[in-house]
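Asker: In the working numbering, the protein residues as written are 5 to 256. Virtual Cβ for every residue (Gly too), placed ideally from N, Cα, C. None of these values were measured; they are calculated from a predicted model.
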Amino acid sequence: MHRTVKRLAIGMAAGAVVVALAVPSIASAAPRTFAVTPAYANQRNLVRHASGTVSFRIVLHWRQQAQLLRTITAVTTPGSASYGHYLTPAQFRADFAPAQSDVARVSSWLRGHGFTVGSVPANRLWVNASGSVAQVEKAFGTTLNLYRFQGHVVRAASSAVSIPASVAGVISGVTGLDQTRATPSALPPLDPVFLNAPPCSKYWGEQIATDKPQAYGAFQPYAPCGLRPNQIRKAYGFDQSSATGAGVTIGI
């Protein structure tokens, strides 16, 4: 009798442990959401529901991210035994690129939703795909609309996208669902010859990147924000000549 009670108690305890271990697993099976909705995608700017074909990318995680950060710091820090000993592309991919099995898992999930899977770069960092608006909305649990923004009508998701736990663990993000274009805001729109995204400097050496690893034995300056045509003309002395470039075609 006592032995039977003991066995029953042990069996119940073991069962409780199994249940306790299973609970986190159930919780972790929840889908993961990615915030991809730009600020302009609101009811005030809404034009209509989107249609047509959407091309997008599923971006994967680098492997061994902690080791990757340590490697970057080591090869760029003077005094380090690894300073300047950069990895070749093949070495980098072997150590840190997403696994081929992760690419295959994501590709299989995409095909399961009817998407056409496109190219994958050599470093396997993303998977290109395309499909209809309806397929995107069903797969990602969102709605794609057209919105007015800065004189254009552009597509964007109205809410965060949801990705199932079966693939979410290897995914870093989703790009391409919206048609937002990144534009630097450091300079006013005065037909610049070139622009760099902030943080940047008004002139060379104005801002030093002290928040980044040192290179060549010192902290390096941020690149200049950009130059306007009149600045280029003045730098080369053309502001005092009749040479305007009119009628000349340059092929690059």
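Out of Ser59, Ile254, Trp130, Ala222, which one is the CA nearest neighbour of aspartate 182?
Answerer: On the sequence shown, position 178 is the one that residue 182 refers to. That would be Ser59, whose Cα lies nearest to the Cα of aspartate 182.
Asker: From which residue to which residue does the beta strand (DSSP E) around tryptophan 130 run?
Answerer: Locating residue 130 in the sequence shown gives position 126, where the first residue counts as 1. Counting along the chain, the beta strand (DSSP E) containing tryptophan 130 begins and ends at 130-136.
Asker: For proline 28, which three-state DSSP category applies?
Answerer: Translated into positions along the sequence shown, residue 28 becomes position 24. The predicted model places proline 28 with a pLDDT of 39, which falls under 50 and marks its position as unreliable; any figure quoted below should be read in that light. Looking at proline 28 - three-state DSSP - the assignment turns out to be helix.
Asker: Give a yes or no on whether the C-beta atoms belonging to asparagine 127 and alanine 101 are separated by under 8 Å.
Answerer: For the purposes of this step, residue 127 is taken as the residue at position 123 of the sequence shown. For the purposes of this step, residue 101 is taken as the residue at position 97 of the sequence shown. Yes, these two residues count as a Cβ contact at 8 Å.
Asker: The alpha helix (DSSP H) with serine 170 in it runs from where to where?
Answerer: Position 166 of the sequence shown, counted from the first residue, corresponds to residue 170. Note, serine 170: alpha helix (DSSP H), 169-172.
Asker: Could you give the DSSP three-state label for valine 107: helix, strand or coil?
Answerer: Taking the first residue of the sequence shown as 1, we reach residue 107 at position 103. DSSP places valine 107 in helix when its eight states are reduced to three.
Asker: DSSP on proline 93, reduced to helix/strand/coil?
Answerer: For the purposes of this step, residue 93 is identified with residue 89 of the sequence shown, where counting begins at 1. Here proline 93 sits in helix by DSSP.
Asker: Name the one or two DSSP bridge partners that histidine 53 has.
Answerer: On the sequence shown, position 49 is the one that residue 53 refers to. Partner(s): Asn149.
Asker: Going by the CB atoms, is the gap between valine 63 and threonine 184 shorter than 8 Å?
Answerer: What you label residue 184 is simply residue 180 of the sequence shown in a count that begins at 1. What you label residue 63 is simply residue 59 of the sequence shown in a count that begins at 1. No, they are not a contact pair.
Asker: With DSSP as the reference, label proline 217 as helix, strand or coil.
Answerer: Within the sequence shown, residue 217 is the residue found at index 213, counting from 1. It is coil, neither helix nor strand.
Asker: Compute the Euclidean distance between the alpha carbons of glutamate 141 and glutamine 71, then round it to the nearest angstrom.
Answerer: Against the sequence shown, residue 141 aligns to sequence position 137. Against the sequence shown, residue 71 aligns to sequence position 67. If you take the alpha carbons of glutamate 141 and glutamine 71, they lie about 37 Å apart.
Asker: According to DSSP, is serine 112 part of a helix, a strand, or is it coil?
Answerer: For the purposes of this step, residue 112 is taken as the residue at position 108 of the sequence shown. If DSSP states are grouped into helix, strand and coil, serine 112 belongs with the helices.
Asker: In angstroms, rounded to a whole number, what distance separates the CA positions of glycine 221 and serine 162?
Answerer: Residue 221 sits at position 217 when you count from the first residue of the sequence shown. Residue 162 sits at position 158 when you count from the first residue of the sequence shown. When rounded, the distance between both Cα atoms is 47 Å.
Asker: Does the ligand ZN have a heavy atom nearer than 7 Å to the CB of serine 105?
Answerer: Looking at this structure, you won't find the ligand ZN or any other ligand, since it has none at all.
Asker: Just how far apart, CA to CA, sit valine 252 and alanine 219?
Answerer: Numbered from 1 along the sequence shown, position 248 holds the residue referred to as residue 252. Numbered from 1 along the sequence shown, position 215 holds the residue referred to as residue 219. Between valine 252 and alanine 219, the C-alpha separation is close to 41 Å.
Asker: Counting only the same chain and skipping the five closest in sequence on each side, list residues whose C-beta sits under 8 Å from that of lysine 216.
Answerer: Taking the first residue of the sequence shown as 1, we reach residue 216 at position 212. Taken in chain order, the residues that qualify are Phe223, Gln224.
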